[in-house]
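Asker:
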Amino acid sequence: MIDGGEVDRATGWAGVGGDDRATPCWLVPLLCALALLLPLLVTPILPLIDYYNHIARYFVLSHVDGDPALAANYVKAWALLPNLGLDVLATPLLAVVPPLLAAKLILGAILLIEFTGVLFLASALNRRPGALTSLLLLGLLYSFILNWGFSNFLLGLGLVFWTLGLWVRLRSRPLLATLVCSVAALGIFFCHGFAFALYGMLLGAMELGRLLERRSLTDPVLVVKTGALLAIQAVLPALLFLQTSTSRVSGGATAGGIEKHLKNGSLDERLISEFWYRLETIVRVAESPYPILDILTFCLVVGLVAWALWRGHMRLHIWLVPAVLLFGLLCVVTPPSLFGVGYVSDRIPLVLALVVVAGLSITRPRSREARLILAVVALVGVVRIGAMMTGWAGYTGQFTRFQAVTAVVPRGALLADVPIYGTKRRDNYLPRCSMYRPLLLPLRGVMVPLFAFESQQPLRLTGKLAEAQVARVEATIPHAKGERGYDDDQVAAIARAGLFRYIFICGRDQLTRPLPANVRVVSESGNMAVLRIN
């Protein structure tokens, strides 16, 4: 370890150029924070898979009491849930701000909370915010998980790092630290239950690193006191969790995933498939619209950090070493889903990357190697932000086509969608279309299915919309996404059920069979089409 004064010089941007007073230590973090927001400005719609489903729910929660059409199809279902953070915060916002603008404001806030949270922990550990942390985050925060639109989780994750930073800052006053962080931990829990679990694991691992540094692990009294301080923070959230419907979820995605593995191929095939899937989630931890760029920048940054650590140009704070080892292991062993929450294992690489970023510092800031490291990391960050802007700008024209194609759907109509996956798509990218169906609700007043799971969201479907969704599910033939005929079967199931009047399709060119006899195209542009069920 190095002492506080040396860490100050090692991690401040000003130290990389001679006079410590030449460049304010906040300038690079400020510029990086502003750069993070640039991709939000180049497109009217953010191509995030699940994100607008949540935005539409906030809209319903804020307008359902005064809109009879909404009230006939959606019902508020506020309950004690560990995923309420943005439902509570964003619902009032959607009451006064247009949906498209509100979506950008919410995502911008999430990005900044993540950015400042990791920076705060880094500064708490290293006594001063550094250019290295900010520049690494610039290339990382447009992540695989962000592209999925897991907004409550990302908000909770940002609060996790803020709370860890508070713990480090207040650690010399244990009772105050425990009180403040217990309140913050409760906030994390209400944002996302899995984020709270991550906080507990990170805090425990960080305290283990602290004990190892002080060689106090053999002191039973100190170990017990430390454990008690951590356990106190978990008591109230754990008791609340046991009262939620989330704690009583049985089966769900976890059991389904296990069953799928057991039935799908030999043991060797399953292990190989799982290996490649886990590796893909690691390489795609920072994700742009360009897979080759993701692979190249991942290899470059990982190689650079490994080289710098090996040669002593960087160091990882010893308090975070156990956390890095723990989450490296979790990248391999975490189940795909827990308590009905999917893509759990996919989230671990992002947490690991953020922990590493928070713990890294440059050891000799005036050296040629330090300048090289910062230059390469800055270049990667700028290129990745530029790639996000370039890729997202293309959605402006697509959004215009979407508005034109769906103009034929009357207000109050029931509409389902079939986002065509095909066999060569990457999580419905190239282009993504999952955001359009939920947007028809706040923009056009069209009634569409939304996420409304008892264990996760404070919303229920009711009336004709609920009947139509149940009928669609019952008419659907089990089929794996990506297999030939999957998308055609989805259209056929909706037509067979007959309760939805319209179907929105994005990627019609991927269909392999003629439309059912009772379905006709009423509007079409490019790969988008609106179908009417007679």
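Heads up, the sequence shown is in my numbering, so the first residue is 214 and it goes up one at a time.
For every residue, glycine included, the Cβ atom is placed at its ideal position computed from N, Cα and C.
Since we're looking at a predicted model, the values are computed, not measured.
Quick check: the Cα distance between histidine 276 and aspartate 263, rounded to an integer number of angstroms?
Answerer: Approximately 21 Å between the Cα atoms of the pair.
Asker: What is the C-beta distance between leucine 449 and leucine 354, in whole angstroms, given that I count them as a contact (C-beta under 8 Å)?
Answerer: Between leucine 354 and leucine 449 the Cβ distance is about 30 Å, and since that is not below 8 Å, they are no contact.
Asker: Do leucine 587 and alanine 344 have their C-beta atoms closer together than 8 Å?
Answerer: Cβ distance < 8 Å, so leucine 587 and alanine 344 count as in contact.
Asker: Measuring straight from C-alpha to C-alpha, what distance separates arginine 745 and asparagine 360?
Answerer: Those two C-alpha atoms are separated by around 31 Å.
Asker: Need the endpoints of the beta strand (DSSP E) that cysteine 719 sits in, please.
Answerer: That run of the beta strand (DSSP E) goes 715-719.
Asker: Within the chosen definition, does the stretch 524-533 reach the stretch 557-572 through at least 3 CB pairs nearer than 8 Å?
Answerer: The stretch 524-533 vs the stretch 557-572: in contact.
Asker: By the three-class DSSP mapping on this structure, what secondary structure does glycine 465 have?
Answerer: Unreliable placement is indicated for glycine 465, whose pLDDT of 43 sits below 50; no coordinate value is reported for it.
Asker: For alanine 441, count neighbouring C-beta atoms within 10 Å of its own C-beta (all shown protein chains included) and say buried if the count is 16 or more, exposed if not.
Answerer: Exposed, because fewer than 16 other Cβ atoms sit within 10 Å of the Cβ of alanine 441.
Asker: If you count every other CB in all the chains shown that lies within 10 Å of the CB of isoleucine 358, and 16 or more means buried, which is it?
Answerer: Isoleucine 358 should be labelled buried.
Asker: How should glycine 516 be labelled, buried or exposed, when 16 other C-beta atoms within 10 angstroms of its C-beta is the threshold for buried?
Answerer: Looking at its Cβ environment, which holds fewer than 16 other Cβ atoms inside 10 Å, glycine 516 is exposed.
Asker: Looking at the structure shown, is aspartate 221 part of a helix, part of a strand, or coil, going by DSSP?
Answerer: For aspartate 221, the predicted structure reports a pLDDT of 38, less than 50, and the residue's modelled location is therefore unreliable. A value from the coordinates is still provided. Helix, per DSSP.
Asker: Under DSSP, the alpha helix (DSSP H) around isoleucine 358 begins and ends at which residues?
Answerer: 357-361 is the extent of the alpha helix (DSSP H) around isoleucine 358.
Asker: Using the beta-carbon count (16 or more within 10 Å), is glycine 422 buried or exposed?
Answerer: Buried is the call here.
Asker: To which residues of the same chain is asparagine 740 closer than 7 Å at the C-beta, ignoring the five residues directly before and after it?
Answerer: Contacts found: Cys719, Gly720, Arg721 and Asp722.
Asker: So does alanine 315 have its beta carbon nearer than 7 Å to some heavy atom of the ligand MN?
Answerer: Ligands displayed in this structure: none; no statement on the ligand MN is therefore possible.
Asker: How is the beta strand (DSSP E) around aspartate 300 delimited, first residue to last?
Answerer: Unbroken run through aspartate 300 is the alpha helix (DSSP H), 298-307; no beta strand (DSSP E).
Asker: If you draw a straight line from the C-alpha of glutamine 669 to the C-alpha of leucine 297, how long is it?
Answerer: The straight-line gap from Cα to Cα measures roughly 8 Å.
Asker: Going by alpha carbons, who is nearest to proline 242 out of Gly658, Ala335 and Arg386?
Answerer: Checking every option, the nearest Cα to that of proline 242 belongs to Ala335.
Asker: Give the straight-line distance between the Cα atoms of glutamine 446 and leucine 389, rounded to the nearest whole angstrom.
Answerer: Distance between the alpha carbons of glutamine 446 and leucine 389 is about 12 Å.
Asker: Using the Cβ count rule (16 or more neighbours within 10 Å means buried), how would you classify glutamine 682?
Answerer: Glutamine 682 should be labelled buried.
Asker: Do you know whose CA, among Leu325, Ile268, Arg341 and Leu294, lies nearest alanine 303's CA?
Answerer: That would be Ile268, whose Cα lies nearest to the Cα of alanine 303.
Asker: So which of Ala398, Thr576 and Phe402 has the shortest CA-CA distance to asparagine 339?
Answerer: Selected option, being the one with the closest Cα: Thr576.
Asker: Can we say the stretch 594-611 touches the stretch 725-732, given the rule of at least three CB pairs closer than 8 Å?
Answerer: With a cut-off of 8 Å, the stretch 725-732 and the stretch 594-611 do not count as touching, because too few Cβ pairs lie within range.
Asker: Cα separation between glycine 469 and serine 429?
Answerer: Because the pLDDT of glycine 469 is 47, which lies under 50, any placement of that residue in the model is unreliable, and the question is left without a value.
Asker: Quick check on DSSP: helix, strand or coil for threonine 636?
Answerer: For threonine 636, the pLDDT reaches just 48, beneath the cut-off of 50, and the residue's location in the model is therefore unreliable, although a value from the coordinates is still provided. Looking at threonine 636 - three-state DSSP - the assignment turns out to be coil, as it is neither helix nor strand.
Asker: If you follow the beta strand (DSSP E) that tyrosine 287 is part of, which residue opens it and which one closes it?
Answerer: Per DSSP, tyrosine 287 belongs to the beta strand (DSSP E) from 287-289.
Asker: Are the Cβ atoms of glycine 406 and threonine 329 separated by less than 8 Å?
Answerer: No, the pair does not count as a contact, with Cβ atoms beyond the cut-off.
Asker: Here's the rule I'm using: 16 or more other beta-carbon atoms within 10 Å means buried, otherwise exposed. How should tryptophan 605 be labelled?
Answerer: By the neighbour-count rule (16 or more Cβ atoms within 10 Å), tryptophan 605 is buried.
Asker: Determine the DSSP secondary structure at isoleucine 471, reduced to helix, strand or coil.
Answerer: Any reading at isoleucine 471 is ruled out, since the residue's pLDDT is 47, under 50, leaving its predicted position unreliable.
Asker: I believe glycine 172 touches valine 537 by the beta-carbon criterion, under 8 Å. Please report the beta-carbon distance rounded to the nearest angstrom.
Answerer: No information on residue 172 is available, as it lies outside the stretch 214 to 747 that the chain covers here.
Asker: Helix, strand or coil: how does DSSP classify leucine 744 here?
Answerer: Leucine 744 falls in the strand class under three-state DSSP.
Asker: Which of the three DSSP states, helix, strand or coil, is assigned to isoleucine 258?
Answerer: Three-state DSSP puts isoleucine 258 in coil, outside helix and strand.
Asker: Would you kindly check if the distance between the Cβ of cysteine 544 and the Cβ of isoleucine 485 is under 8 Å?
Answerer: Not closer than 8 Å, so no.
Asker: Going by the beta-carbon positions, is the gap between tyrosine 608 and proline 281 smaller than 8 Å?
Answerer: The answer is no: Cβ separation not under 8 Å.
Asker: Taking one C-beta from the stretch 625-632 and one from the stretch 696-707 each time, how about it: are there three or more such pairs within less than 8 Å?
Answerer: Yes, they touch.
Asker: Tell me the DSSP secondary structure of methionine 648 in three-state form.
Answerer: Three-state DSSP puts methionine 648 in coil, outside helix and strand.
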